[in-house]
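Trainee: Protein chains in written order, with this note's numbering: chain A, 296 to 404; chain B, 3 to 113.
Glycine included, every Cβ here is placed at the ideal spot set by N, Cα and C.
Would you mind keeping the following structure in view while I ask a few things?
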C-alpha cells in the first residue's frame, strides 16, 4: 500500500515563529487532506488540497502531486496551534484514507 | 453542517462486556469509516461502509463487529475485548471525491 511520511516528527516553536511541515507520499493520490488533532483527540479539517495552493488565515498549504509531496505552512504561530498535524491521502478509486506519520507541534510562550 | 457525532465520548468496559459505539451524520455522505488510534500513533483504518455495504475490512478481529443500519448511522459492536484494544475510536464520513469529516471520537478503556 501507499506510504505516507511526515517531517519533522516533532517541532518546538516559540510563539510568533513560522514553520513548514512536509508530507511525502509514495504513489499518485486523488485526494489529500491536512488535519490538526487537538489534545482532546478531535481531528479538525485544515485543507482539502489534492493539488495547488490554498490559504486560510495564518495557514497555507501547497501540494505538488507530480512530485508526491505536500507542505503546510504555519505563520505567526500561537499556543493554540499546538497538537499533532496529519496529512491523509486517497489513492485510485479506493475509499480508503491513509494517514501520514504525523508532526507533533508544541508552541511555547 | 459538517458534524459527525459519536457517542459515548468515554467508555470503560470489562473484558466480558458487550458494548456499542455509535456514529451519526446528516450530511448525506455515503461512505462511513471506523478508525482506531493508539497513543502517539496515526489513526488506522478498521472498516469502510459504502452505500451501507461493508466495502473494506482491514483484517479486524471478529470481536469488533460493524453495522450500518441506514445511511446516517454507523455502529461498532464490541464483545470480549482485550486490554490492548484500549484506544481512541474515530468515525468519519465523506462524499466520494471530497473531504472526510471526523467525529470527536470515543476513548475506550478495557479493564
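#1: Starting from residue 356 of chain A, follow the beta strand (DSSP E) in both directions and report where the run begins and ends.
#2: Which value, in whole angstroms, describes the spacing of the CA atoms of residue 18 of chain B and residue 107 of chain B?
#3: Within 9 Å (strictly less), CB to CB, does residue 69 of chain B reach chain A?
#4: Only counting the same chain, and skipping five residues up and downstream in sequence, which positions put a Cβ closer than 6 Å to that of residue 32 of chain B?
#5: Would you list, in sequence order, the uninterrupted beta strand (DSSP E) runs of no fewer than 3 residues that lie entirely inside the region 29–87 of chain B?
#6: Kindly indicate the opening and closing residues of the beta strand (DSSP E) around residue 349 of chain A.
#7: Keeping to the same chain, check which residues put their C-beta closer than 6 Å to that of residue 356 of chain A; ignore five residues upstream and five downstream.
#8: Mind listing which residues of the region 314–348 of chain A have their C-beta closer than 8 Å to chain B's C-betas, in chain order?
#9: Check each candidate in B:38, B:43, B:7 and name the one with the smallest Cα separation from residue 49 of chain B.
#10: Note down, in chain order, all residues in the region 99–110 of chain B with a beta-carbon under 9 Å from any beta-carbon belonging to chain A.
#11: Just mark residue 28 of chain B as buried or exposed, buried being the case when its beta carbon has 16 or more other beta carbons within 10 Å.
#12: Give me the Cα-Cα distance between residue 89 of chain B and residue 77 of chain B, rounded to the nearest whole angstrom.
#13: Closest by CA to residue 67 of chain B, which one among B:4, B:36, B:41?
#14: Since residue 33 of chain B meets chain A, which of its residues come closer than 9 Å, beta carbon to beta carbon?
#15: Are at least three pairs of beta-carbons, each pair with one atom in the region 392–404 of chain A and one in the region 367–384 of chain A, less than 8 Å apart?
#16: Output the boundary residues of the beta strand (DSSP E) element that contains residue 20 of chain B.
#17: Just grab the DSSP bridge partners of residue 323 of chain A for me.
#18: Taking a contact to mean a Cβ-Cβ separation below 9 Å, would you say residue 308 of chain A touches residue 384 of chain A in this structure?
#19: What does DSSP give as the partner residues of residue 101 of chain B in its beta bridges?
#20: List, in order along the chain, the chain B residues whose C-beta lies closer than 7 Å to that of residue 396 of chain A?
Mentor: Result, derived from the coordinates:
#1: 354–359
#2: 23 Å
#3: no
#4: 53
#5: 33–39, 46–52, 55–59, 66–72, 75–81
#6: 347–351
#7: 329, 342, 344, 349, 367
#8: 325, 326, 328, 330, 335, 336, 337, 338, 340, 343
#9: B:38
#10: 99, 100, 101, 102, 103, 104, 105, 106, 107, 109
#11: exposed
#12: 16 Å
#13: B:36
#14: 390
#15: yes
#16: 20–27
#17: The partner list for residue 323 of chain A (beta bridge, DSSP) is empty, contrary to what the question assumes.
#18: no
#19: DSSP lists no partner for residue 101 of chain B.
#20: 44
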